[in-house]
């Protein structure tokens, strides 16, 4: 994925996946060795994300394990014993092989040039389903949303439509907590949802139809965002739509699949 800047707003399609920021974690030493986090502040939220079901039930994934386990036990009290065992275990299991963190197709058929791919694995690459590519609709809004949840997943039943895409759930990323990502008193928001690669690949062959579909998605996404933040349409200063073809163009991921 990637990130970009529009009129003073930074839209992130990458860093919200960052792992290894905890000093006690094994990846932290790698970041320190690379020097990438040396001069950057990491914001650790009390709740990493919220999940809202179609019925309106809400689950918070707390960063504090004790609080998280209490949350889970409240939702599924029948699993309380198992949860306590998981919490108390704390064991560490090390792997004995190295696995590429790059795009699988790029690793096997690009970097390794198809030299080490057995026939059985080639068959799997041709037949196993890929992760569905993501659409991202980004908003720069003239509204302070720093007090709102950082990340919320909304489930829909039945699915809603953004343009020609049926959307069963959507991730709403709120970067209002970070003053570097928007002008003072403003906030950057992103909506993430699945959308078929084949659909956008075909549309991309006709640039007028492709642009028109992006406009439809933008309008549907704006209408939905209004249901979460009434009146937000009038506060929108920047609106940007990234399709699977955008991901393919900037990252080269096979069929724009964000995790292979």
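Numbering (my numbering), first residue to last: 2 to 261. Glycine is no exception: its CB is placed at the ideal position from the N, C-alpha and C atoms. Bear in mind that the values here come from a model prediction, so they are computed numbers and not experimental data.
- A Cβ-Cβ contact shorter than 7 Å links residue 53 with residue 155.
- Assigned with DSSP and collapsed to three states, residue 157 falls in strand.
- Taking a 10 Å sphere around the C-beta of residue 171, we find 16 or more other C-beta atoms and assign the residue as buried.
- Residue nearest to residue 222 within the set 237, 210, 208, 211 is 237 (criterion: CA-CA distance).
- DSSP places residue 116 outside both helix and strand once states are collapsed to three, so it counts as coil.
- For residue 135, same chain residues with a beta-carbon under 6 Å away, outside a window of 5 residues either side, are 193, 259 in chain order.
- Looking from the CA of residue 175, the closest CA among 98, 153, 210, 169 belongs to 153.
- Beta-carbon to beta-carbon, residue 62 and residue 50 are separated by about 5 Å, close enough to satisfy the 8 Å threshold.
- The C-alpha of residue 167 is placed about 19 Å away from the C-alpha of residue 227.
- A straight-line Cα-Cα distance of about 32 Å links residue 142 and residue 203.
- Taking a 10 Å sphere around the C-beta of residue 249, we find 16 or more other C-beta atoms and assign the residue as buried.
- Nearest in C-alpha terms to residue 66, of all of 85, 57, 128, 55, is 85.
- Shown here, residue 182 sits in a helix according to DSSP, grouped into three states.
- Using a C-beta cut-off of 8 Å, the stretch 75-84 makes no contact with the stretch 182-202, since fewer than three inter-stretch Cβ pairs fall below that distance.
- Nearest to residue 151 by alpha-carbon distance, out of 160, 240, 72, 44, is 44.
- If you draw a straight line from the Cα of residue 195 to the Cα of residue 206, it is about 20 Å long.
- When DSSP states are grouped into helix, strand and coil, residue 229 belongs to the helix group.
- Taking C-beta separations shorter than 6 Å and ignoring five residues to either side along the sequence, the partners of residue 198 in its chain run 134, 245, 256, 257, following chain order.
- Burial check for residue 187: the Cβ neighbour count within 10 Å reaches 16 or more, so the residue is buried.
- If you draw a 10 Å sphere on the C-beta of residue 34, you find fewer than 16 other C-beta atoms in it, and that means exposed.
- Here DSSP, grouped into helix, strand and coil, assigns residue 244 to coil.
- The beta carbon of residue 215 sits closer than 6 Å to those of 242, all from its chain and outside the five residues before and after it, given in chain order.
- Between residue 200 and residue 165 the beta-carbon gap is near 7 Å, inside 8 Å, which marks them as a contact.
- Per DSSP, residue 40 has no beta bridge partner at all.
- Ranking 147, 217, 212, 130 by CA distance to the CA of residue 189 puts 147 first.
- Beta-carbon to beta-carbon, residue 140 and residue 240 are separated by about 6 Å, close enough to satisfy the 8 Å threshold.
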